[in-house]
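Q: Taking the numbering used here, the leading residue of the sequence shown gets 1, the next gets one more, and so forth.
Would you mind keeping the following structure in view while I ask a few things?
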Amino acid sequence: MLEQIKGNLKRLINTLGWDVRRYTLASNPMGQILAAIDKVQVDTVFDVGANIGQFAQELRSVGFSGSIVSFEPLSEAHARLTATSAGDLAWKVHPRTAVGDHDGDIEINIAKNSASSSVLSMLETHLSAAPDSAFISSERAPLVRLDSIARRYLIESSRYFIKIDTQGFEWQVLDGAVDMIKDAQGVLLELSLVPLYDGQKLWLEMIQRMERMGFNLWAIQKGLSDPQTGRTLQVDAVFLRT
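Dropping the structure here:
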């Protein structure tokens, strides 16, 4: 009887466009990331492409108590990020900057939803699947390599994890983090299965590069899908040095 009630309730919720699942590491993306971080004994997380701090807040919500260092290039998002992190002494926000493959400055396209903002031009596949990701303006920002600035946030015994969410610019971030990657215990990357931004590298090249650098693919999490066709366009991938 109880199982029948559960089944009827689940079907009702599904018809409303929602889903309810028992909490497990497999069903909770951030819980899965925390488990990966714990496995390799990470005490510091670099949050590259922090936007307004969503990732860091979610990581805190599942119990991560180590240091977080966030990087964000957009003025408005950076201001909100700074305000959000206030009061958390273990959460540091680097001065406003983009992260890439050289030190200088760069033009960033600002999306209506802010989170889809990118250095690269957006392709129709992305825009069609997520109309609120359309670019509405642009802004110049300082640009740094992670190798140039990240170690100031570490001590000799630090074990760190790098999350990179830069909307198609991940390859360039890796190019500027050659030294940092050597000692990283894990990396979280967005992988595009189809081209979403002009000139970006796709999933296979990204995975092969991470493997060459000594990482194993640990987990894949659902990302952007086309709401009309159901096709998966982008996923999040956790890589660990195991």
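Glycine included, each C-beta is placed from N, C-alpha and C at the ideal position.
None of these values were measured; they are calculated from a predicted model.
#1: In terms of alpha-carbon separation, which member of Arg60, Pro73, Ile68 lies closest to Thr166?
#2: Starting from Ile162, follow its DSSP beta bridges and name the residues at the other end.
#3: Just how far apart, CA to CA, sit Leu204 and Ser192?
#4: Relative to the alpha-carbon of Pro227, which residue among Asp132, Ala90, Ser117 has its alpha-carbon at the smallest distance?
#5: Looking at the structure shown, is Asp236 part of a helix, part of a strand, or coil, going by DSSP?
#6: Around the Cβ of Arg152, are there at least 16 other Cβ atoms within 10 angstroms (buried) or fewer (exposed)?
#7: Ordered along the chain, which non-local residues of its own chain (more than five positions away) have a Cβ less than 8 Å from that of Arg246?
#8: Comparing alpha-carbon positions, which option in Phe161, Asp103, Gln200, Gly87 lies nearest Met180?
#9: Alpha carbons only, please: which of Pro95, Met30, Tyr197 is nearest the one belonging to Glu58?
#10: Below 8 Å on the Cβ atoms is my guess for Val48 versus Gly66; work out the distance and round it to an integer in Å.
#11: Mind checking whether Gly100 and Leu81 have CB atoms under 9 Å apart?
#12: For a test of the three-state rule: what should DSSP assign to Leu241, helix, strand or coil?
#13: Nearest to Glu139 by CA position, among Val173, Leu123, Ala111, Leu154, is which residue?
#14: Roughly how many angstroms lie between the CA atoms of Gln208 and Ala86, to the nearest whole one?
#15: Quick check on Asp38: buried or exposed, where buried means 16 or more other Cβ atoms within 10 Å of its Cβ?
#16: Going by the beta-carbon positions, is the gap between Phe71 and Ala98 smaller than 9 Å?
#17: Between which residues of its own chain and Lys10 is the CB-CB distance below 6 Å, once the five residues before and five after are set aside?
A: Looking at the atomic coordinates:
#1: Against the sequence shown, residue 166 aligns to sequence position 166. When the alpha-carbon of Thr166 is set against those of Arg60, Pro73, Ile68, the nearest one is in Pro73.
#2: The count along the sequence shown starts at 1 and reaches residue 162 at position 162. DSSP output for Ile162 lists Phe46, Val187 as bridge partner(s).
#3: What you label residue 204 is simply residue 204 of the sequence shown in a count that begins at 1. What you label residue 192 is simply residue 192 of the sequence shown in a count that begins at 1. When rounded, the distance between both Cα atoms is 9 Å.
#4: Position 227 of the sequence shown, counting from 1, holds the residue named residue 227. If we check each option's Cα against that of Pro227, Asp132 comes out closest.
#5: By one-based count along the sequence shown, residue 236 stands at place 236. For Asp236, the secondary structure class from DSSP, reduced to helix, strand or coil, is strand.
#6: The count along the sequence shown starts at 1 and reaches residue 152 at position 152. Answer is exposed; the Cβ neighbour count stays below 16.
#7: Nothing can be reported for residue 246: it is not among the residues displayed for the chain, which extend from 1 to 242.
#8: For the purposes of this step, residue 180 is taken as the residue at position 180 of the sequence shown. Of the candidates Phe161, Asp103, Gln200, Gly87, the residue whose Cα lies closest to the Cα of Met180 is Phe161.
#9: Translated into positions along the sequence shown, residue 58 becomes position 58. Nearest Cα to Glu58 within the set Pro95, Met30, Tyr197: Met30.
#10: Position 48 of the sequence shown, counting from 1, holds the residue named residue 48. Position 66 of the sequence shown, counting from 1, holds the residue named residue 66. Their Cβ separation, rounded to whole angstroms, is 16 Å, which puts Val48 and Gly66 out of contact at 8 Å.
#11: Position 100 of the sequence shown, counted from the start, is the residue given in the question as residue 100. Position 81 of the sequence shown, counted from the start, is the residue given in the question as residue 81. The answer is no: Cβ separation not under 9 Å.
#12: For this step, residue 241 is matched to residue 241 along the sequence shown. The sequence shown places Arg at residue 241, rather than the Leu named in the question. Secondary structure of Arg241 (DSSP, three-state): coil.
#13: For the purposes of this step, residue 139 is taken as the residue at position 139 of the sequence shown. Minimum Cα distance to Glu139 is reached at Ala111.
#14: Within the sequence shown, residue 208 is the residue found at index 208, counting from 1. Within the sequence shown, residue 86 is the residue found at index 86, counting from 1. Between the C-alpha atoms of Gln208 and Ala86 there is a straight-line separation of about 38 Å.
#15: Here the question's residue 38 lines up with position 38 in the sequence shown. Residue environment: Asp38 is assigned as exposed (fewer than 16 neighbouring CB atoms within 10 Å of its CB, all protein chains considered).
#16: By one-based count along the sequence shown, residue 71 stands at place 71. By one-based count along the sequence shown, residue 98 stands at place 98. Yes, these two residues count as a Cβ contact at 9 Å.
#17: One-based indexing of the sequence shown puts residue 10 at position 10. Bear in mind that a pLDDT of 49 at Lys10, under 50, signals an unreliable position, so the number given afterwards is only what the model happens to contain. Taking Lys10 as the centre and dropping the five residues before and after it, the same chain places no C-beta closer than 6 Å to its C-beta.
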